[in-house]
Each structure stands twice: as structure tokens, then as C-alpha cells.
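Beneath this line is the structure, given in C-alpha cells, with notes to follow.
Residue numbers (the numbering used here): 2 to 231.
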């Protein structure tokens, strides 16, 4: 007999649009309307989605710099039978954002807590689906290090037999592509502003894409698929 307490407290992990606000599931909208509080990285970004769908719920900021006191407050809300939804600024929480840390904390402190996934948009799966590389298996490495360990990070990419997916910001995209061009003869696909109005997909060698981005301007967020053909 399973003597564990029956779950009755719930934390919903809700995927939100990565650009186009229409890329959200009916279930996600219903969940955000029903919970007591919504935890989000940036309240301004989340409010755009909530306003678009006429959802009025109190927001609580939770991000990588959130301290112990705020985390304890969130834990106590769950213990008080409050249902919470966790969202990121865009996409699926827990992937290259602090959501996974919060989940680790709350499951360690609350036995009768159920973590419920409300799946949906993710830049990771979006770029994998259009890259044209064999991504039945792939490696995801998130954002490259900003400084320490950066060169080692790119050198290790050449050791992978599988396609590798990374994220990059507009401030470092050209630097990252230059690093890739020095390491190996990669084929890459770069998705800029995926699902948004100015979505652009670049395919080819790093130096070719560098030239295009220098001419057009490296604006927006980037998801990159890197593949070293054998």
C-alpha cells in the first residue's frame, strides 16, 4: 500500500508564447485564469500575455536573483493551499531559466505537492523542427558561458557526433559565430526572432551567416543548431 500523502497542492508549469501571442494552448489560458497567483520572471513581459487574453491574476516575480525570503514566501503560499502557475518570459519554464531551481526547492519541502506540466512553445523544439538535421537525437547546451570557460565550451562542441542546440543573445551572437568558425567546419542553422514578425532563418557555414548578420544587424534572440557532418 502506498502511504504517501495524496497530492492536493499544485504548481503548474505553464509554457507561454516565444513571440507570437497566439501560440498558446487553450489549457494554458484556462490554467492561468484558474490559479491564485502567477510566478514570472518579468511582470511586464507576462502582463502582455495576460492583457491579450484578459486574464487578471496577481503576479509574483521570480527570477535568477530572487532571494531566500521571496522563495520562502512562495513555499508558504503553496502550503496555504494556494495553486500557483510558473511561467518564464517566453517559452517553457525550467529550460535555461531559474524555474528548475524553484521546482527543486518546493518538491524538497512539500511532500504532497504535484508539479503539473502545461506544455507548449519552446525555442528549443521550434528550431529543431525546422533545421533539417537528424535531430532524433541531439544535445542541448543552453547559453554559452559569457567569459570563463567560453573557449573550452566551443572546442568541446566539435567532439559531439550529434547536432548541438544552443541559445544566444544579440550582444554575443557575432562573437559566438566567429568562435564556431574557428573550431570546426560546422553546418549551422540560426533562427532569429522565431515565431515573431521579423523571424529569419539562416542556413550555412558560420562565416556566411556572420556576413548576413553584419549587414542586417544582429537584433533579436537566437537559437542555433550546430552539426558537424561525419
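For every residue, glycine included, the Cβ atom is placed at its ideal position computed from N, Cα and C.
Name the DSSP beta bridge partners of residue i, please?
i	result
residue 187	In DSSP, residue 187 forms no bridge with anything.
residue 38	85
residue 192	202 and 224
residue 17	92
residue 148	Note: residue 148 sits in no beta bridge, so no partner.
residue 11	115
Where do the ends of the beta strand (DSSP E) carrying residue i lie?
i	result
residue 224	223 to 228
residue 61	60 to 62
I'd like the list of long-range same chain contacts for residue i, defined as Cβ closer than 8 Å, with 5 residues on each side in sequence excluded.
i	result
residue 173	145 and 147
residue 29	15, 16, 17, 119 and 121
residue 2	With a pLDDT of 40 at residue 2, under the threshold of 50, the predicted position of this residue should be treated as unreliable, and no value is reported.
residue 99	42, 63, 64, 65 and 67
residue 165	139, 140, 141, 142, 158, 226, 227 and 228
residue 48	60
residue 106	72 and 76
residue 1	The structure shown has nothing for residue 1, since the chain only spans 2 to 231.
In chain order, what residues of the same chain have a beta carbon less than 6 Å from the beta carbon of residue i, not counting five sequence neighbours either side?
i	result
residue 62	44
residue 180	155
residue 37	83 and 84
residue 101	95
In the DSSP assignment, find the alpha helix (DSSP H) that holds residue i and state where it starts and stops.
i	result
residue 215	207 to 217
residue 49	44 to 53
Are the C-beta of residue i and some C-beta of chain C separated by less than 8 Å?
i	result
residue 110	In summary, chain C is missing from the structure at hand, where a single protein chain is found.
Whole angstroms is fine: what's the gap from residue i's alpha carbon to residue j's?
i	j	result
residue 32	residue 10	14 Å
residue 204	residue 70	46 Å
residue 230	residue 151	23 Å
residue 40	residue 196	24 Å
residue 73	residue 157	38 Å
residue 59	residue 189	42 Å
residue 95	residue 170	18 Å
residue 192	residue 81	43 Å
residue 162	residue 222	26 Å
residue 202	residue 128	9 Å
residue 34	residue 186	49 Å
residue 177	residue 183	10 Å
residue 133	residue 20	22 Å
residue 90	residue 46	6 Å
residue 93	residue 206	29 Å
residue 194	residue 216	17 Å
Short of 7 Å in beta carbon distance, which residues of its chain neighbour residue i, apart from the five on each side in sequence? Order them along the chain.
i	result
residue 108	114 and 116
residue 136	129 and 164
What ranges does the alpha helix (DSSP H) occupy inside the region 70 to 142, keeping only unbroken runs of at least 4 residues that lie completely in it? 100 to 110 and 124 to 131
Please give the ranges of any beta strand (DSSP E) in the region 152 to 184, keeping only runs that are unbroken, at least 3 residues long and fully inside the region. 165 to 169
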